[in-house]
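Each number in the numbering used here comes from the position in the sequence shown (counting from 1) with 662 added on. Okay, so here's the structure we're looking at.
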Amino acid sequence: MSGRRIVTEWFRVPAVWALLEVQLFGRSDDVTVWTGACGTGEEAYSAAITLERRSICGQVLATDIDRANLDVARAGRYELRVLENEVNEGRLWADDLWRYFEPDADARFLRVTPAVRERVTFGVLDLGVDPVPACDVAMLRNVWRHLGPAAQRRAAAGVRAALRDEGRLYLGGGDLMRPDGWGGLESVAPAGLVEHFAQAEHSLIWRPQAPH
C-alpha cells in the first residue's frame, strides 16, 4: 500500500462510534482497538477519546505506511478551526475541546491531552503485507479500495486471524462501493471479506465468521 495517503476524520459516521461505545462499555478486561491506515491520527484519537469518555480500560494501536502521517499523528496537534467545525457538524461534543485537548503555544492549534495521547501507540505497518496486531476492534475504514484483490484477501485473512471471536471490524462507506462505469456507484465487498466476516449491527460493522 506504499505511496497511498489515507485521509481520516474525527468520529467519521457518528452512529458507528455510538455502536462502538455500546460494544465496549462495561467490559472488565482491557480492550485493544487497532486503527490500520490511521493517517494523521484523527481516528486513533477518536478511539482514545471514546475509551476516556466511558472510562474503559484499554489502548489504541495506530498504524500507517506513511511515516510523514505518523509524525503528524504522534504530535497530536490540530487546527482549532477544524476542531470547532467538527463540533458544529456534530462529530465532536462541545465539551470535548476542553476535556480532551489543551492549548498549544500557537493559539491556532490545540493538542490532545496527555491522558488521550498515552492511550495510543503509533507504528509502521503495511496492510496486506505485515502481520496484524491482536485486537478486539479493527478499524480499517476507506482503505480497502487502495489495495488490489490479492492484498485485500491477505488483509481480510490477517484481520480475521488477529481479531478476537467476539470482536468487530469497522469499514468505511467507500470500502463497499466502486464506480459502475456509468457515472454512478455500485455495491461491492473487498475480496476475501465475506469469506471471513459477516455484517453485524450496521452495514459498516462486520463480525468474524466461525472457522469453516
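A virtual CB, placed ideally from N, CA and C, is assigned to each residue, including glycine.
Run the CB neighbour count on residue i, radius 10 Å, all protein chains shown included, and call it buried at 16 or more, exposed below.
i       : result
Phe-687 : exposed
Ala-813 : buried
Glu-750 : The sequence shown places Asn at residue 750, not Glu. Exposed: under 16 other Cβ atoms inside 10 Å.
Asn-804 : buried
Arg-822 : buried
Trp-672 : buried
Gly-738 : buried
Gly-665 : Residue placement at Gly-665 cannot be trusted, given a pLDDT of 45 that sits under 50; what the coordinates show is reported in the next sentence. Classification for Gly-665: exposed.
Arg-781 : buried
Glu-704 : buried
Gly-752 : exposed
Asp-842 : Note that Asp-842 scores a pLDDT of 49, beneath 50, so its modelled location is shaky; the value from the coordinates is reported in the next line. Exposed, because fewer than 16 other Cβ atoms sit within 10 Å of the Cβ of Asp-842.
Arg-674 : buried
Asp-692 : exposed
Pro-870 : buried
Glu-828 : exposed
Ala-699 : buried
Asp-728 : buried
Gly-785 : exposed
Asp-726 : buried
Ser-690 : exposed
Asp-758 : buried
Arg-743 : exposed
Have a look at the options and flag the residue whose alpha-carbon is nearest the alpha-carbon of residue i.
i       : options                            : result
Leu-681 : Ser-865, Ala-817, Thr-702          : Ser-865
Ala-817 : Leu-732, Gly-835, Leu-787, Arg-779 : Leu-787
Arg-826 : Glu-764, Ala-730, Pro-795, Arg-815 : Pro-795
Asp-768 : Arg-729, Tyr-762, Leu-713, Glu-741 : Glu-741
Arg-779 : Ala-819, Gly-810, Val-734          : Val-734
Leu-732 : Gln-861, Ile-711, Ala-777, Thr-783 : Thr-783
Gly-820 : His-858, Glu-828, Val-850, Leu-833 : His-858
Gln-685 : Ile-718, Leu-809, Arg-753          : Ile-718
Leu-710 : Arg-807, Val-856, Arg-761          : Per the sequence shown, the amino acid found at residue 710 is Ala instead of Leu. Nearest option by C-alpha distance: Arg-761.
Trp-806 : Thr-775, Ala-851, Pro-793          : Ala-851
Gly-834 : Ala-860, Leu-802, Ala-862          : Leu-802
Thr-775 : Ala-860, Ser-708, Glu-746          : Ser-708
So, residue i versus residue j, is the Cβ gap smaller than 7 Å?
i       : j       : result
Trp-696 : Ala-800 : yes
Gln-721 : Thr-694 : yes
Ala-706 : Ala-724 : yes
Gly-831 : Trp-868 : Note that residue 831 is Leu in the sequence shown, not Gly. Contact: yes.
Pro-811 : Ala-872 : no
Arg-770 : Glu-764 : no
Glu-683 : Arg-716 : yes
Thr-790 : Leu-809 : Note on identity: in this sequence residue 790 is Gly, with Thr being the wrong assignment. Yes, the pair counts as a contact, with Cβ atoms nearer than the cut-off.
Ala-824 : Cys-797 : yes
Name, in chain order, the residues that DSSP records as bridge partners for residue i.
i       : result
Ala-800 : Trp-696, Leu-831
Ile-711 : Answer by DSSP bridge pairing: none, since Ile-711 is not bridged.
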